[in-house]
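Protein chains in written order, with the numbering used here: chain S, 1 to 373; chain A, 1 to 373.
One structure below.
Shown next as structure tokens:
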């Protein structure tokens, strides 16, 4: 079939998740003509499946520069969410009530102690709490909680709402969102992309291209002869209706409980490298519920609402891929693994700066797309 | 509001589940004009929520006459299902591959021995199997299975399909099915019902009435000044897609695994007297999955499809309520508790005989509606 039409833009973003749309929105705000192509529905994958924690602390993120990137993005979040709300006229469900990490065994108790020591030394605010103090905060947790670390600056967002609001903000800013547009082929001249062709043979041209296709980025980059080692890491999640709302996010090990409006409670998440299938399994549900009930026995009586899975875009070193690589007019914004929601504001800033100004003041050398060679 | 219309029939059946519809179908086959009223969608409650096991053996059902009623109904089933298939032109998913009860602990092992002893003495066929023999039957169960009892004559049916086929058979036989008709009031003359009025004030008259409203029967009977102690007993269920189909039903204690077409597997069931709410809870799901994985570890990898709950109509003595009581022209067919699917054919025969012939050859004295006084 012949390529049957051609649509020109300043920037073409491949991938309509929170990363691609945040970039598109910032570029449109800067006066650029932007098109976003999504293989299915914009916002329909990991961006909506996630738990929405904005919690860079409480984990030992390596290297230090990555930890700083995460904290920087969290610091951008209140303004980012407010701007999206203002532009869209929709609530983004931003919450700044903090996050509590709890230890139910000695191993995690030791880890929390170490996290507190290191991150306090770095100047962050983490409050160690005794079991009694935790009960005093009204979270109705297990009597077996041995202690915890409250992180007042770790926030969270209703990422489904945020994503919907962001899509509206994009449209209002003039971004063209194209659903059901899977990239099929690139037309290149030397080291420059001339156009991309989607599966129905519509051709899209732009001056600059952004690859922000989450775990599908590797497959798409194959069409450019580039190796981008992004692999899907499946996360299973559940949602319940609880009798009494949790006052903040509660985490322990791999399990987290995130309050949502209407006494809903998200329980996450498994981590499975099982390919592109988004599968909810008995073992996954068992692990989530056993973990949740262990942290907060009241979850046992909670009403089950739904279970789902999403695919995090993981990389070999678990760090994102940001900036220009071998193709002159292609910038990468992918591989955000477990931090896609958190890193959206800073990624949008970095990529928009690279495209609009030609540089970013953030140190992004460690995230360069050519590092996997 | 005035009662604004009147629809006459020979028999009015209150309740459009498998019991009510089976009775209506048999009466229509006998040439009667039958109307079925359902408070919501016919077949939409326990009849579709159930697991569909037709397994009167392997449990110590008391009294002996009840056990015999269950076996009698199971013996009617192949013909009953075939007739529904023929009348409706739809498959009912009837399966006669038997059922396996397994013991994973000493207590259940002893129980199975006792069941085998008693039921074999009663002339039933139950085959004790060693762990090796069980593995040889290709069911891929836990290596911790200590032994089992295979019951070749315990069958099962896809009750959702059966119910859909039965509704079509009813319609083809001329039964009038009225959805969304909650009974609001009875008009009585002495000990006879003249008419029933549903919530939108439509009046229905008939010569004879049948109360087959499952766990809602007690509430409805209040309108007659009669006490019918039927209480909802909530059962939570799950459905998975497994890699390899189970060759037969497998049971252990409260847990059962029922194969369905398309490598689906039903896992049931909890028993909770928690009122009329059909709630799926974290504790319920945990119990189902822990039980299922304990019986067949392969279920752990199975894909979760859905979870739901249904309300079994339980009675004080856990026996059904059948036949005429204080109201001359009202016959009861309710309170089938965990045996509604199984008992549909024999219940339909009994009630149709009572209405058409004026008597039944089955001993139903123990199920009389007046026994609760």
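Ideal Cβ placement from N, Cα and C applies to all residues, glycine included.
Only a predicted model underlies this, so the values are computations on that prediction, with no experimental measurement involved.
Exposed or buried, what is residue 122 of chain S when buried is set at 16 or more other beta-carbons lying within 10 Å of its beta-carbon?
In the first chain, the residue the question calls residue 122 of chain S occupies position 122. By the neighbour-count rule (16 or more Cβ atoms within 10 Å), residue 122 of chain S is not buried but exposed.
Using only alpha-carbon positions, find the residue among A:367, A:153, A:308, A:177 that is nearest to residue 164 of chain A.
Taking the first residue of the second chain as position 1, residue 164 of chain A is located at position 164. Checking every option, the nearest Cα to that of residue 164 of chain A belongs to A:177.
Counting only beta-carbon separations shorter than 7 Å, does residue 270 of chain A have a partner in chain S?
Stepping through the second chain from its first residue, residue 270 of chain A is reached at position 270. No, no contact with chain S.
Output the distance between the C-alpha atoms of residue 18 of chain A and residue 340 of chain A, rounded to the nearest integer angstrom.
For the purposes of this step, residue 18 of chain A is identified with residue 18 of the second chain, where counting begins at 1. For the purposes of this step, residue 340 of chain A is identified with residue 340 of the second chain, where counting begins at 1. One C-alpha to the other measures close to 7 Å.
With 7 Å set as the bound, which would you pick, yes or no: does the beta-carbon of residue 227 of chain A sit closer than that to a beta-carbon of chain S?
Residue numbering aside, residue 227 of chain A sits at position 227 when the second chain is read from its first letter. It does not: the Cβ of residue 227 of chain A has no partner Cβ on chain S nearer than 7 Å.
Is the distance from the Cβ of residue 73 of chain A to the Cβ of residue 354 of chain A below 7 Å?
By one-based count along the second chain, residue 73 of chain A stands at place 73. By one-based count along the second chain, residue 354 of chain A stands at place 354. Going by C-beta atoms, residue 73 of chain A is not nearer than 7 Å to residue 354 of chain A.
Got a sec: is the Cβ-Cβ distance from residue 289 of chain S to anything in chain A below 7 Å?
Reading the first chain from its first residue, position 289 is the one you call residue 289 of chain S. Yes, residue 289 of chain S lies at the interface with chain A (some Cβ there is under 7 Å from its Cβ).
Distance check for residue 97 of chain S and residue 13 of chain S, CA to CA, integer angstroms please.
Here the question's residue 13 of chain S lines up with position 13 in the first chain. Here the question's residue 97 of chain S lines up with position 97 in the first chain. Between residue 13 of chain S and residue 97 of chain S, the C-alpha separation is close to 34 Å.
Look at residue 309 of chain S and residue 280 of chain S and say whether their C-beta atoms are less than 7 Å apart.
The count along the first chain starts at 1 and reaches residue 309 of chain S at position 309. The count along the first chain starts at 1 and reaches residue 280 of chain S at position 280. Yes, these two residues count as a Cβ contact at 7 Å.
Can residue 307 of chain S and residue 304 of chain A be called in contact, C-beta distance under 7 Å?
As a working note, residue 307 of chain S is residue 307 in the first chain. As a working note, residue 304 of chain A is residue 304 in the second chain. Against a cut-off of 7 Å, the Cβ pair of residue 304 of chain A and residue 307 of chain S comes out as a contact.
Between the Cα of residue 231 of chain A and the Cα atoms of A:345, A:276, A:108, A:87, which residue gives the shortest distance?
Stepping through the second chain from its first residue, residue 231 of chain A is reached at position 231. Answer by Cα proximity: A:276.
Would you kindly report the start and end of the unbroken alpha helix (DSSP H) that includes residue 170 of chain A?
Taking the first residue of the second chain as position 1, residue 170 of chain A is located at position 170. Looking at the DSSP string, the run of the alpha helix (DSSP H) that includes residue 170 of chain A is 159-172.
With burial defined as no fewer than 16 other Cβ atoms inside 10 Å of the residue's Cβ, what is the status of residue 358 of chain A: buried or exposed?
Counting from 1 along the second chain, the entry for residue 358 of chain A is found at position 358. Residue 358 of chain A comes out exposed.
With H, G and I counted as helix, E and B as strand and the rest as coil, what does DSSP make of residue 80 of chain A?
Looking up residue 80 of chain A in the second chain gives position 80. In the structure shown, residue 80 of chain A sits in a helix (DSSP, three-state: H, G or I).
Could you tell me which uninterrupted beta strand (DSSP E) segments, each at least 3 residues in length, are contained entirely in the segment 190-277 of chain S, listed from first to last along the chain?
Taking only runs of at least 3 residues, the beta strand (DSSP E) segments lying wholly in the segment 190-277 of chain S are 192-198, 202-211, 230-241, 249-252, 255-260, 264-268.
Nearest-angstrom Cα distance between residue 265 of chain S and residue 250 of chain S?
Translated into the one-based positions of the first chain, residue 265 of chain S becomes position 265. Translated into the one-based positions of the first chain, residue 250 of chain S becomes position 250. Residue 265 of chain S and residue 250 of chain S: Cα-Cα distance of roughly 11 Å.
At a CB-CB cut-off below 7 Å, which residues of chain S make contact with residue 278 of chain A?
Taking the first residue of the second chain as 1, we reach residue 278 of chain A at position 278. Neighbours of residue 278 of chain A on chain S: none; closest Cβ ~10 Å, over 7 Å.
Should residue 262 of chain S be flagged as near chain A, meaning a C-beta pair shorter than 7 Å?
In the first chain, residue 262 of chain S corresponds to position 262, counting from 1. No - not a single Cβ of chain A is within 7 Å of the one on residue 262 of chain S.
Specify, as a first and last residue, the run of the alpha helix (DSSP H) that residue 28 of chain A falls within.
Residue numbering aside, residue 28 of chain A sits at position 28 when the second chain is read from its first letter. That run of the alpha helix (DSSP H) goes 18-29.
Nearest to residue 68 of chain A by CA position, among A:124, A:31, A:92, is which residue?
On the second chain, residue 68 of chain A is found 68 positions in, with the first residue counted as 1. With distances taken between Cα atoms, residue 68 of chain A lies closest to A:124.
With DSSP as the reference, label residue 285 of chain S as helix, strand or coil.
Within the first chain, numbered from 1, the residue matching residue 285 of chain S stands at position 285. In this structure, residue 285 of chain S counts as helix in the three-state DSSP scheme.
Out of S:158, S:7, S:31, S:63, which one is the CA nearest neighbour of residue 262 of chain S?
Along the first chain, read from residue 1 onward, the residue named residue 262 of chain S stands at position 262. Checking every option, the nearest Cα to that of residue 262 of chain S belongs to S:158.
I need the DSSP call for residue 1 of chain A, collapsed to helix, strand or coil.
Locating residue 1 of chain A in the second chain gives position 1, where the first residue counts as 1. Interpretation of residue 1 of chain A is limited by its pLDDT of 44, a score under 50 that renders its predicted location unreliable; the figure taken from the coordinates is listed afterwards. Coil at residue 1 of chain A, not helix or strand.
Closest to residue 245 of chain S by CA distance: which of S:260, S:27, S:107 is it?
Within the first chain, residue 245 of chain S is the residue found at index 245, counting from 1. Among S:260, S:27, S:107, the Cα nearest to that of residue 245 of chain S is on S:260.
What would DSSP say about residue 14 of chain A, mapped onto helix, strand or coil?
As a working mapping, residue 14 of chain A is identified with position 14 in the second chain. Looking at residue 14 of chain A - three-state DSSP - the assignment turns out to be strand.
Going by DSSP, what residues sit across from residue 129 of chain S in a beta bridge?
Counted from its first residue, the first chain places residue 129 of chain S at position 129. Per DSSP, S:148.
What's the gap between the Cα of residue 324 of chain A and the Cα of residue 221 of chain A?
What you label residue 324 of chain A is simply residue 324 of the second chain in a count that begins at 1. What you label residue 221 of chain A is simply residue 221 of the second chain in a count that begins at 1. If I take the Cα positions, the gap works out to 13 Å.
Cutting at 8 Å between CB atoms, please list the residues of its own chain near residue 296 of chain A, excluding the five before and the five after it.
The residue given as residue 296 of chain A occupies position 296 in the second chain. Around residue 296 of chain A: 139, 140, 141, 142, 246, 250, 257.
Kindly say whether residue 174 of chain S, judged by its beta-carbon, lies nearer than 7 Å to any beta-carbon of chain A.
Indexing the first chain from 1 puts residue 174 of chain S at position 174. For residue 174 of chain S, the answer is no, since every Cβ of chain A falls outside 7 Å of its Cβ.
Below 7 Å on C-beta distance, what does residue 301 of chain S contact in chain A?
Within the first chain, the letter at position 301 stands for residue 301 of chain S. Near residue 301 of chain S (Cβ distances below 7 Å), the residues of chain A are 281, 283.
May I ask you to verify whether the segment 222-229 of chain S touches the segment 19-32 of chain S, counting CB pairs closer than 8 Å and requiring at least 3?
With the cut-off at 8 Å, the segment 222-229 of chain S and the segment 19-32 of chain S do not touch.
Determine whether the Cβ of residue 332 of chain A lies closer than 7 Å to any Cβ atom of chain S.
What you label residue 332 of chain A is simply residue 332 of the second chain in a count that begins at 1. No, residue 332 of chain A lies away from the interface with chain S (no Cβ there is under 7 Å from its Cβ).
Within the continuous alpha helix (DSSP H) that includes residue 99 of chain A, where are the two ends?
Along the second chain, one-based indexing puts residue 99 of chain A at 99. No alpha helix (DSSP H) contains residue 99 of chain A, which is instead part of the beta strand (DSSP E) from 99-103.
Go through its chain and collect everything with a Cβ distance to residue 10 of chain S's Cβ below 6 Å, but skip five positions before and after it.
For this step, residue 10 of chain S is matched to residue 10 along the first chain. Correct list, in chain order: 32, 33, 207.
If we ignore side chains and look at the alpha-carbon of each, how far apart do residue 155 of chain S and residue 126 of chain S end up?
As a position in the first chain, residue 155 of chain S is number 155, starting the count at 1. As a position in the first chain, residue 126 of chain S is number 126, starting the count at 1. Roughly 13 Å separates the two Cα atoms.
Among A:103, A:144, A:107, which residue has its Cα nearest to the Cα of residue 128 of chain A?
Locating residue 128 of chain A in the second chain gives position 128, where the first residue counts as 1. Comparing Cα-Cα distances from residue 128 of chain A to each of A:103, A:144, A:107, the minimum goes to A:103.
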